[in-house]
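Student:
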Amino acid sequence: MDKTFEPQSIEQQCYKSWEEAGLFKASGSGDPYCILLPPPNVTGSLHMGHGFQQTIMDALTRYHRMKGDNTLWQVGTDHAGIATQMVVERQLNAEGKTRHDLGREDFIKKVWEWKEHSGGTITGQMRRLGTSPDWSREVFTMDEDLSKAVTEVFVKLHEEGLIYRGKRLVNWDPVLHTAVSDLEVLNEEEDGHMWHMRYPLADGSGELVVATTRPETMLGDTAVAVHPDDERYQAFIGKEIKLPITGRLIPVIADDYVDQEFGTGCVKITPAHDFNDYDMGKRHNLPMINILTDDAKINDDAPEAYRGLDRFDARKQIVADLDAQGALVKIEPHKLKVPRGDRTGAVIEPYLTDQWYVAVESLAKPAIEAVESGEIRFVPENWNKTYYQWMHNIQDWCISRQLWWGHRIPAWYDENGNVFVGRTEEEVREKHGLGSDVTLSQDDDVLDTWFSSALWPFATMGWPKETPDLETFVPSSVLVTGFDIIFFWVARMIMMTKKFTGKIPFKDIYITGLIRDENGDKMSKSKGNVLDPIDLIDGIDIESLVTKRTAGMMQPQLAEKIAKRTRKQFPDGIQAYGTDALRFTFAAMASTSRDINFDMARVEGYRNFCNKIWNASRFVLMNTEEHDTGRDGGEMVLSMADRWIWAKFQQTLVEFEKALEDYRFDIAAQTVYEFTWNQFCDWYLELTKPVLNNDASTEAEKRGTRHTLINVLESLLRLLHPLMPFITDTIWQRVVPLSALKVEEGASIMVQAFPEVDAAKQDDNVLADIEWVKKFIVGIRNIRGEMDISPNKPLNALLKNVSDEDARRLDAAKAFLDKLSKLETVTILKDGEQAPASATALVGEMEILIPMAGLIDKDAELARITKAMEKIEKDVSRTRGKLSNEKFVSNAPDEVIEKERAKLDEGEKALAKLKEQFETIKAL
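In this text, residue positions in the sequence shown follow my numbering: the first is 125, and each later residue adds one.
This is the structure:
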């Protein structure tokens, strides 16, 4: 093996060999285990959230594959209607064209061309992460088979009256000219204004003052609402207002929704331009007056002076006109949440348009019952509440989008506006008896991307055909996803899968936390704190990192600030940590927390872990490759340490599998880390030396230890493999020929059986024995450290309070204790026998004493301790002073005070220890 671990030299070749050998395919035997990849946008690049969730999915996939399950990780990408159309439109704009210059058909061809050339970025990056889905089954939501499933679902729901067309309020993006989902709207706090306006009663008997953040919408007001219990306005209810500027008469109505305490307690109602007003408008049967065009200009239903003006220009004009009429009371600064399109940054308008909807009430009921009955389980369980809250308050789902790229709605109109729904135009004509003399035109809209995503669990398995995959892999085993799409995706998959297959889509829903930066802030382009997983794998220089973080920003003015922050945080760029270190970091951070702060120091720590595994493996190979490891038989005697490491491995295996079963990847990672680093590398490798390097050891003892070394390492590599695929397979190829495992030449670790607990190797007694040995050795090492005694100097140990069990262990572990503690003699003191001045350590009730006489230069040691005490006394005194300063204690943050208290406590303990040492040495 190479002297150092270089991930760049092994990863891509390793992956290529797995993929070419077809190792990612489902085996066809064993219990079915299936995971559905949440399909990333075809336009997307791998981000930290993807990296995190895909590490978890891949760990589960690799684990179940090794457990012998019929394991399928179904992979695919989403056509991402808006995002993809925007990418291709930008390319056309750069050529001085628009999609309208091409026409719909040629534009769609252009999108497919883009998809073929540039649509594979994210799947290439997934391969870099070491993911092992069955790429031969990769699907795309616009593929022919999936498109047929989409059409089938639409037609069937329409036939049952569950899809209908209606005029309702939607989120409208005036740049894209389409309805968008709530998930595509970013609500961020911005500085705005509140305009207070005077609305006079038509009979001249008084006036009401209303306040708004969007004064232009007053052109569409159809009422003013007050609370029915508000005594101030009882006399106004039922009267009419003469709306300023337009002169229209609108009623004063009473509604419980109005908050009496907010503003003046009077609310202007614009049902066609506000979601809450829309609901109130329906309750009171108010007219809905739309005042905007598709691109958010004032339309012809408004007074002539404002027609054709952009909504914000109209706002200025209306405010000026209100002021001129004496109807403007005041303008106040006001912080408000402004809804902006996540793709365009444009302010989203609530807008009244004709759209297609799914009536979801009857679909929601079985989906709620599936979770209530325990048929589907949320992990962590508290996400049930979020799911129920949404499902019990579910609204009909707007599924149409005013785009060209996507699944076109299978509906046709005749010249009279009659609508016909069917799988094809031919089917429509046949079903409704429409001859060739009747002109039909297909609906221009496409379906919301979430509509096709909702069919993912069964459409990817061949539905509407009856396929073996539908029988085998529906329901899938677990869905790994984020809490932000429980409603948009998870709930809809449950509704649709129950409706069309009668089955649940998945048994478990594991909701991960959200990866944030080291300060707990959400990673976003505008904050300049985004990390690219590939940069952590390959490394990136500072100039390239700054360029990456500041390119293509929606707010270019932030670029300088972001560049400065990036240079400060990563003065030398980001070093290459390799995939395994990154994956292990993701697993170690996968707690039940809703937010996960990503810490670069942990990636570095787990890169060191990779080095530790590599170096330990080199040690094992150096001690086994040219020797007899018992692979072909021969007498073997296992030492106490050999039996202990096997027992410890069984314990680790049980804990690791329990953690995976509970989706506690953080505990699984911690368990295997602790065993590998602390038990195997730090202790067991040391404990093999007294056997292997001892001429007195028999050949059977040496063979037993070599056999244990190689086979524990081989088993450990299989245990680690689901989390760290590359390093484990690379080392395993070298280790397995020396182990007891017989495999074909060139076989991969990923298709080997996962280690199984061996009851014969579980041994509580040997676990207790070696813990005792470790305490003994650590006790001696601590004395050496405290007394500044060279680790190579042989010592004479005296033992006090030795029980029969201690005596047994002393005898059984003599070779380990002598070698690793560097002991010349060990003498057991009789009861009442006095020991000379000694440094001491405790192992249970037994006391280890190391006589100091002749071991150290007394005067030099006293001088060293005095100097150390003086330094600590100064620090303790300074800290005490801080904590007794009332000004400091009252002004400093709690965590700073806590830190100072801990520092004081630590200092006082260190001082007490040094004083004790001083007295011991002084007495020599």
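Ideal Cβ placement from N, Cα and C applies to all residues, glycine included. Note that the structure is a prediction, hence the values are computed from the model and not measured.
Which stretch, first to last residue, makes up the beta strand (DSSP E) that contains Phe148?
Tutor: By one-based count along the sequence shown, residue 148 stands at place 24. First-last for Phe148: undefined, no H or E at that position.
Student: Could you please give the first and the last residue of the uninterrupted beta strand (DSSP E) stretch that includes Tyr634?
Tutor: The count along the sequence shown starts at 1 and reaches residue 634 at position 510. Run containing Tyr634: Phe630 to Thr636, per the beta strand (DSSP E) assignment.
Student: Which one or two residues does DSSP pair with Thr195 in a beta bridge?
Tutor: Within the sequence shown, residue 195 is the residue found at index 71, counting from 1. Thr195 is bridged to Tyr157.
Student: Among Gln857, Lys140 and Thr247, which one has its Cα closest to the Cα of Ile658?
Tutor: Taking the sequence shown and counting its residues from 1, one reaches residue 658 at position 534. Considering only alpha carbons, the answer is Thr247.
Student: Under 8 Å: do the stretch 614-623 and the stretch 691-710 share three or more Cβ pairs, one atom per stretch?
Tutor: no
Student: What residues in its chain sit with their C-beta under 8 Å from that of Asn906, if we drop five residues either side in the sequence?
Tutor: The count along the sequence shown starts at 1 and reaches residue 906 at position 782. The answer, listed in chain order, is Ala965.
Student: Find the nearest neighbour of Gln177 within the set Met713, Glu759 and Gly285, judged by alpha-carbon distance.
Tutor: In the sequence shown, residue 177 corresponds to position 53, counting from 1. Measuring from the Cα of Gln177, the nearest candidate turns out to be Met713.
Student: For Tyr139, report the span of its alpha helix (DSSP H) as first-last.
Tutor: By 1-based counting over the sequence shown, the position of residue 139 is 15. That run of the alpha helix (DSSP H) goes Glu135 to Glu144.
Student: Look at the alpha carbon of Arg677 and the alpha carbon of Ser650, and state the distance between them as a whole number of angstroms.
Tutor: Position 553 of the sequence shown, counted from the first residue, corresponds to residue 677. Position 526 of the sequence shown, counted from the first residue, corresponds to residue 650. For the record, residue 677 in the displayed sequence is Met; it is not Arg. The alpha-carbon atoms of Met677 and Ser650 are separated by roughly 7 Å.
Student: Alpha carbons only, please: which of Ala783, Ile639 and Leu487 is nearest the one belonging to Phe722?
Tutor: Locating residue 722 in the sequence shown gives position 598, where the first residue counts as 1. The option with the nearest alpha carbon to Phe722 is Ile639.
Student: Since Asn422 sits in a beta bridge, which residues does DSSP pair it with?
Tutor: Translated into the one-based positions of the sequence shown, residue 422 becomes position 298. Per the sequence presented here, residue 422 reads as Ile, with Asn not at that position. The partner list for Ile422 (beta bridge, DSSP) reads Leu416.
Student: Can you give me the Cβ contacts of Met515 inside the same chain, cut-off strictly under 7 Å, excluding the 5 residues immediately before and after it?
Tutor: What you label residue 515 is simply residue 391 of the sequence shown in a count that begins at 1. Here the set comprises Ala488, Ala491, Ile492 and Ala615.
Student: Per DSSP, what kind of secondary structure is Trp536 in: helix, strand or coil?
Tutor: Residue 536 sits at position 412 when you count from the first residue of the sequence shown. Reduced to three states, the DSSP call for Trp536 is strand.
Student: Is the stretch 865-880 in contact with the stretch 830-842, if contact means three or more CB pairs nearer than 8 Å?
Tutor: yes
Student: Indicate whether Ile472 and Val309 have their beta-carbon atoms separated by less than 8 Å.
Tutor: In the sequence shown, counting from the first residue as 1, residue 472 sits at position 348. In the sequence shown, counting from the first residue as 1, residue 309 sits at position 185. For the pair Ile472 and Val309, the CB atoms are nearer than the 8 Å cut-off.
Student: Using the Cβ count rule (16 or more neighbours within 10 Å means buried), how would you classify Glu213?
Tutor: The sequence position of residue 213 within the sequence shown is 89, counting from 1. It counts as buried.
Student: Ends of the beta strand (DSSP E) at Ile952?
Tutor: Reading the sequence shown from its first residue, position 828 is the one you call residue 952. Leu947 to Ile952 is the extent of the beta strand (DSSP E) around Ile952.
Student: Taking just the CA atoms, how far does Gln693 sit from Glu456?
Tutor: The residue you call residue 456 lines up with position 332 of the sequence shown. The residue you call residue 693 lines up with position 569 of the sequence shown. Taking C-alpha positions only, Glu456 is separated from Gln693 by approximately 40 Å.
Student: Per DSSP, Asn165 forms a beta bridge with which residues?
Tutor: Position 41 of the sequence shown, counting from 1, holds the residue named residue 165. BP columns for Asn165 point to Asp202.
Student: Buried or exposed, going by whether 16 or more other CB atoms sit within 10 Å of the CB of Tyr402?
Tutor: Here residue 402 is taken as the residue at index 278 of the sequence shown, counted from 1. With 16 or more other Cβ atoms within 10 Å, it is buried.
Student: Pull up the CB-CB distance for Thr636 and Leu594, whole angstroms please, since I reckon it's below 8 Å.
Tutor: Mapped onto the sequence shown, residue 636 falls at position 512. Mapped onto the sequence shown, residue 594 falls at position 470. Contact doesn't hold; Cβ gap of about 28 Å is too wide.
Student: Which residues bound the alpha helix (DSSP H) around Gly316?
Tutor: Start at 1 with the first residue of the sequence shown, and residue 316 comes out as number 192. That residue, Gly316, is in no alpha helix (DSSP H); its beta strand (DSSP E) goes Val309 to Pro324.
Student: Which word fits His241, buried or exposed, when buried means at least 16 other C-beta atoms lie within 10 angstroms of its C-beta?
Tutor: Taking the first residue of the sequence shown as 1, we reach residue 241 at position 117. Flag for His241 reads exposed.
Student: CA-CA distance, Gly729 and Glu642?
Tutor: Looking up residue 729 in the sequence shown gives position 605. Looking up residue 642 in the sequence shown gives position 518. Whole-angstrom Cα-Cα distance: 15 Å.
Student: Return the residue from the list Thr201, Thr776 and His171 that minimises the CA-CA distance to Asn165.
Tutor: The residue you call residue 165 lines up with position 41 of the sequence shown. It is Thr201 whose Cα lies nearest to the Cα of Asn165.
Student: Use the C-beta contact count for Ala335: other C-beta atoms within 10 angstroms, 16 or more gives buried, fewer gives exposed.
Tutor: Here residue 335 refers to the residue found at position 211 of the sequence shown. Flag for Ala335 reads buried.
Student: Since Thr1044 and Ala963 should fall inside the 8 Å C-beta cutoff, what is the C-beta to C-beta distance between them, to a whole number of angstroms?
Tutor: Within the sequence shown, residue 1044 is the residue found at index 920, counting from 1. Within the sequence shown, residue 963 is the residue found at index 839, counting from 1. That pair is a contact at about 6 Å.
Student: Where does Glu262 fall in DSSP's three states?
Tutor: What you label residue 262 is simply residue 138 of the sequence shown in a count that begins at 1. Residue state, collapsed to three classes: coil.
Student: Assign His458 to one of three DSSP states: helix, strand, or coil.
Tutor: The sequence position of residue 458 within the sequence shown is 334, counting from 1. Residue state, collapsed to three classes: strand.
Student: Does the distance from the CB of Arg356 to the CB of Gly389 come in under 8 Å?
Tutor: Taking the first residue of the sequence shown as position 1, residue 356 is located at position 232. Taking the first residue of the sequence shown as position 1, residue 389 is located at position 265. Here Arg356 is near Gly389, since their CB atoms are less than 8 Å apart.
Student: Return the bridge partner residues of Gly405 from the DSSP annotation.
Tutor: Along the sequence shown, one-based indexing puts residue 405 at 281. Partner(s): none; Gly405 has no beta bridge.
Student: Across which residues does DSSP place Arg640 in a beta bridge pair?
Tutor: For the purposes of this step, residue 640 is taken as residue 516 along the sequence shown, with counting starting at 1. Answer by DSSP bridge pairing, in chain order: Lys646 and Asn721.
Student: Can you find the residues in the same chain that come closer than 6 Å, C-beta to C-beta, to His458, ignoring five residues on each side of it along the sequence?
Tutor: In the sequence shown, residue 458 corresponds to position 334, counting from 1. Same-chain partners within the cutoff: Gly316, His317 and Met318.
Student: Mind checking which residues open and close the alpha helix (DSSP H) that includes Ile901?
Tutor: Position 777 of the sequence shown holds residue 901. Note, Ile901: alpha helix (DSSP H), Asp888 to Met911.
Student: Inspect the beta-carbon positions of Phe630 and Met848 and report whether they are closer than 8 Å.
Tutor: Looking up residue 630 in the sequence shown gives position 506. Looking up residue 848 in the sequence shown gives position 724. Not closer than 8 Å, so no.
Student: Whose CA, out of Gln249, Phe278, Lys280 and Val199, lies closest to the CA of Phe264?
Tutor: Start at 1 with the first residue of the sequence shown, and residue 264 comes out as number 140. Per the Cα distances, Val199.
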